[in-house]
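In our numbering, the protein residues as written are 702 to 1288. Don't be surprised by glycine CBs; every beta carbon is placed ideally from N, CA and C. Working notes for the structure below.
Right, here's the structure in full:
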């Protein structure tokens, strides 16, 4: 038999290193990562426990076969005394049903045979209502029951329970909402019909049942019989037909004590790992922030050297790599990513060229003349720019901006594809698979996109409003929806690649978008008028090209780093699986 505590300590690196990113969707914890190794360790502890491999057997213990005979007699007497209702006998457990071989002195049984429910009633006076929200499922007890009056009783408040009863939520059972009624509640406790209720007979530990119901073997059984997809569920009959491995009574107590001891060790591991990850992330944030706050080149070099010396231990999580990417973007628009060249044509000349081109478009009646925006004040300037750079409002750094089409799009193989909010991802505009509008609508050909058009998302959820991406598809083949704003650049002065990069920096979001978000009907909005006034830093044209090339190069390296990290995490997860499998096979 494996020493479970030794199994934990010998493989601490495995349990704490196997980490997986959580899905971005769905309900549950707000944490972005899952400590998968420790989760697997908890499952392994329960698996070893219910297989009889966690604590040693004692030949002096009364065998479970004797215990089961005694509780069968007890149940028969309760039925005879009309304390509980007689239930239809279930078939004996066959060899084919048994999922694994049990130790000597253990027996397989069905849940129905080791306990009973306590019946139902409609509340006729104040009662303690126990629903799913009342329980602490991790620790297995009732934490926050409510006192409810009879007239306010929910229709599901029906099942009787008492101290020592085990309750198991049969709706979305994968959530493991399981608990033992731990107190003599007053007024009378009544549970929701969302639970299966089992009150164990003498010699069966409620705490052991609770842990068995959370074990991988019972979870696997439930998954095999549950119905439904969005809200899978099982019924009482399926619950009570489930198998349970019964140890001798004394061994049940030893198992519960050992499981609790090992789960406490898991809690410590989990806490230490989370604290370590948090401290690591704080260190990354501080060191990267120091780069963007440097006063001069010497200060920058010192701070970069500090990061460079410890690069391999700093950027070991997906979040830290994402923060590195954000810092690269910020350094780029601050003039700290590539060296300046004094011979480059200054940005002030570029802005004059844009103004001249815009005036010509107005004269040719291709765009309408608009009221000039106020000059940028010193208070608005976010940082000191290198020589040859200029601050500019987006209105002055571009030729024109305009809203997309309000025409209703539809599914068809023919027509003009309409790009929408969700098509802007990570500074890019995805094209393919869009709904279409007829090519004959009044908005066309004016709202056809050209290669290099920058699209800004003016309406979405608060964290997504302001997303910006550059269109790199075929010119005059796509249009865009009204929730997007097109920014047309004068690429000989301000390249769309550089403008897109600027509008995706963390400081741009923090200072130009977030303060202006207005929420209405569940949607956030930062409109085109506000967008025109937003400020960006403009370098010389040659430097814009150098910046974009360097950013592309560094982002590619970051993606390689993420890929290697993903491979390493996959290896750690496989290693955790291998340790679990080896522990089960060698115990």
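Assign residue 717 to one of three DSSP states: helix, strand, or coil. Taking the first residue of the chain shown as 1, we reach residue 717 at position 16. In this structure, DSSP gives residue 717 a helical state, which the three-state scheme calls helix.
For the alpha helix (DSSP H) containing residue 987, name the first residue and the last one. One-based indexing of the chain shown puts residue 987 at position 286. Per DSSP, residue 987 belongs to the alpha helix (DSSP H) from 950 to 993.
Less than 8 Å between the CB atoms is what I'm expecting for residue 1102 and residue 1187, so what's the real figure, rounded? To locate residue 1102, count along the chain shown from 1; it is residue 401. To locate residue 1187, count along the chain shown from 1; it is residue 486. That pair is a contact at about 7 Å.
Does DSSP put residue 1126 in a helix, in a strand, or in coil? Position 425 of the chain shown, counting from 1, holds the residue named residue 1126. Annotated three-state conformation of residue 1126 is strand, per DSSP.
Taking the C-alpha atoms as reference points, what is the distance between residue 927 and residue 1148? Taking the first residue of the chain shown as 1, we reach residue 927 at position 226. Taking the first residue of the chain shown as 1, we reach residue 1148 at position 447. The alpha-carbon separation between residue 927 and residue 1148 amounts to approximately 52 Å.
Hey, how far is the Cα of residue 1058 from the Cα of residue 1245? For the purposes of this step, residue 1058 is taken as residue 357 along the chain shown, with counting starting at 1. For the purposes of this step, residue 1245 is taken as residue 544 along the chain shown, with counting starting at 1. Straight through space, the alpha carbons of residue 1245 and residue 1058 are spaced by roughly 20 Å.
For the putative contact between residue 867 and residue 910, defined by C-beta atoms under 8 Å, what is the C-beta separation to the nearest angstrom? Taking the first residue of the chain shown as position 1, residue 867 is located at position 166. Taking the first residue of the chain shown as position 1, residue 910 is located at position 209. Indeed, because the Cβ distance is near 5 Å, the residues count as touching under 8 Å.
Top-ranked residue by Cα proximity to residue 888, from 1216, 931, 1259 and 824: As a working note, residue 888 is residue 187 in the chain shown. Residue 888 has its Cα closest to that of 824, out of 1216, 931, 1259 and 824.
Simplified DSSP assignment, three categories, for residue 910: Indexing the chain shown from 1 puts residue 910 at position 209. Helix at residue 910.
Determine the direct distance from the alpha carbon of residue 903 to that of residue 897, and round the result to whole angstroms. Here the question's residue 897 lines up with position 196 in the chain shown. Here the question's residue 903 lines up with position 202 in the chain shown. The C-alpha of residue 903 is placed about 19 Å away from the C-alpha of residue 897.
What residue range is occupied by the uninterrupted alpha helix (DSSP H) comprising residue 801? Translated into the one-based positions of the chain shown, residue 801 becomes position 100. Per DSSP, residue 801 belongs to no alpha helix (DSSP H) and is neither H nor E.
If we count the other Cβ atoms within 10 Å of its Cβ and call it buried at 16 or more, is residue 1105 buried or exposed? As a first step, residue 1105 must be located in the chain shown, where it is residue number 404. Counting Cβ neighbours within 10 Å, residue 1105 comes out buried, since at least 16 surround it.
Taking DSSP as the reference, what is the three-state secondary structure of residue 1265? In the chain shown, residue 1265 corresponds to position 564, counting from 1. Helix.
Kindly indicate the opening and closing residues of the beta strand (DSSP E) around residue 917. What you label residue 917 is simply residue 216 of the chain shown in a count that begins at 1. Where residue 917 is concerned, there is no enclosing beta strand (DSSP E), although the alpha helix (DSSP H) it sits in stretches over 917 to 926.
For residue 846, tell me which candidate among 832, 758, 1021 and 1060 has the shortest Cα-Cα distance. As a position in the chain shown, residue 846 is number 145, starting the count at 1. Out of 832, 758, 1021 and 1060, 832 has the C-alpha closest to the C-alpha of residue 846.
Burial state of residue 949 (16 or more Cβ within 10 Å): Mapped onto the chain shown, residue 949 falls at position 248. By the 10 Å Cβ count, residue 949 comes out buried.
With a cut-off of 8 Å on the beta carbons, I'd call residue 865 and residue 892 a contact; round off their distance for me. Stepping through the chain shown from its first residue, residue 865 is reached at position 164. Stepping through the chain shown from its first residue, residue 892 is reached at position 191. Residue 892 and residue 865 do not touch by the CB rule: their CB atoms are close to 13 Å apart, not below 8 Å.
I need the DSSP call for residue 728, collapsed to helix, strand or coil. For the purposes of this step, residue 728 is taken as residue 27 along the chain shown, with counting starting at 1. Any reading at residue 728 needs caution, since the residue's pLDDT is 35, under 50, leaving its predicted position unreliable; the model's value is listed next. Correct three-state label for residue 728: coil.
Apart from the five residues just before and just after residue 905, which ones in its own chain have a Cβ nearer than 7 Å to its Cβ? Counting from one through the chain shown, the residue named residue 905 turns up at place 204. Apart from the 5 residues on each side of it in sequence, residue 905 sits with its Cβ closer than 7 Å to the Cβ of 772, 815 and 816 in its chain, given in chain order.
Count the other CB atoms within 10 Å of the CB of residue 848; is the residue buried (16 or more) or exposed (fewer)? Start at 1 with the first residue of the chain shown, and residue 848 comes out as number 147. Answer is exposed; the Cβ neighbour count stays below 16.
Fully enclosed by the segment 1197 to 1272, which alpha helix (DSSP H) runs are 4 residues long or longer? If we require 4 residues or more, the alpha helix (DSSP H) runs fully inside the segment 1197 to 1272 come out as 1197 to 1204 and 1229 to 1234.
Round the Cβ separation of residue 1086 and residue 1238 to the nearest angstrom and send it over; I've been treating them as touching at under 8 Å. The count along the chain shown starts at 1 and reaches residue 1086 at position 385. The count along the chain shown starts at 1 and reaches residue 1238 at position 537. About 6 Å separates the CB atoms of residue 1086 and residue 1238; that is less than 8 Å, so the two are in contact.
Please return the same chain residues whose Cβ sits closer than 8 Å to the Cβ of residue 1135, not counting the five positions on each side in sequence. As a first step, residue 1135 is located in the chain shown; it is residue number 434 there, counting from the start. Closer than 8 Å at Cβ, skipping near neighbours: 1110, 1118, 1119, 1120, 1121, 1124 and 1179.
Tell me where the beta strand (DSSP E) around residue 1185 begins and ends. Residue 1185 sits at position 484 when you count from the first residue of the chain shown. Under the DSSP assignment, residue 1185 falls in the beta strand (DSSP E) whose first and last residues are 1185 to 1189.
Taking residue 999 as part of the alpha helix (DSSP H), name the residues at either end of that continuous run. Your numbering for residue 999 matches position 298 in the chain shown. Note, residue 999: alpha helix (DSSP H), 998 to 1010.
Suppose you measure from the CA of residue 726 to the CA of residue 1107; what does that come to, to the nearest Å? Walking along the chain shown from the start, residue 726 turns up at place 25. Walking along the chain shown from the start, residue 1107 turns up at place 406. Reliability fails at residue 726, whose pLDDT of 41 lies under 50, so the model's placement of it is uncertain and no value is given.
Determine, using beta carbons only, whether residue 1141 and residue 1156 come nearer to each other than 9 Å. Numbered from 1 along the chain shown, position 440 holds the residue referred to as residue 1141. Numbered from 1 along the chain shown, position 455 holds the residue referred to as residue 1156. The answer is no: Cβ separation not under 9 Å.
Distance between beta carbons of residue 890 and residue 882, contact taken as under 8 Å: Here residue 882 corresponds to residue number 181 of the chain shown, with the count starting at 1. Here residue 890 corresponds to residue number 189 of the chain shown, with the count starting at 1. Confirmed, about 7 Å.
If I'm right that residue 1213 touches residue 1236 with Cβ under 8 Å, what's the distance once you round it to whole angstroms? By one-based count along the chain shown, residue 1213 stands at place 512. By one-based count along the chain shown, residue 1236 stands at place 535. Confirmed, about 7 Å.
Any 3 or more C-beta pairs closer than 8 Å across the segment 798 to 815 and the segment 850 to 861: No, because fewer than three Cβ pairs between the segment 798 to 815 and the segment 850 to 861 fall closer than 8 Å, the two stretches do not touch.
My guess is that residue 722 and residue 740 are in contact by the Cβ rule of under 8 Å, so how many angstroms apart are they, rounded? Taking the chain shown and counting its residues from 1, the one referred to as residue 722 is at position 21. Taking the chain shown and counting its residues from 1, the one referred to as residue 740 is at position 39. Wrong, their Cβ atoms sit about 14 Å apart, outside the cutoff.
Would you kindly work out how many angstroms separate the C-alpha atoms of residue 840 and residue 879, rounded to a whole number? Here the question's residue 840 lines up with position 139 in the chain shown. Here the question's residue 879 lines up with position 178 in the chain shown. Between the alpha carbons of residue 840 and residue 879 lies a gap of roughly 9 Å.
Who are residue 1156's beta bridge partners in DSSP? Working through the chain shown from its first residue, we reach residue 1156 at position 455. 1170 and 1187, per the DSSP bridge assignment.
Look at the alpha carbon of residue 1173 and the alpha carbon of residue 1150, and state the distance between them as a whole number of angstroms. The residue labelled residue 1173 in the question sits at position 472 within the chain shown. The residue labelled residue 1150 in the question sits at position 449 within the chain shown. Each residue's CA atom was taken as its position, placing residue 1173 and residue 1150 some 10 Å apart.
Using 10 angstroms around the beta-carbon of residue 869, count the other beta-carbons present and answer buried if the total reaches 16, otherwise exposed. As a working note, residue 869 is residue 168 in the chain shown. Buried is the call here.
Taking all protein chains shown into account, decide if residue 987 is buried (16 or more other Cβ within 10 angstroms of its Cβ) or exposed. Residue 987 sits at position 286 when you count from the first residue of the chain shown. Exposed, by the Cβ-count rule.
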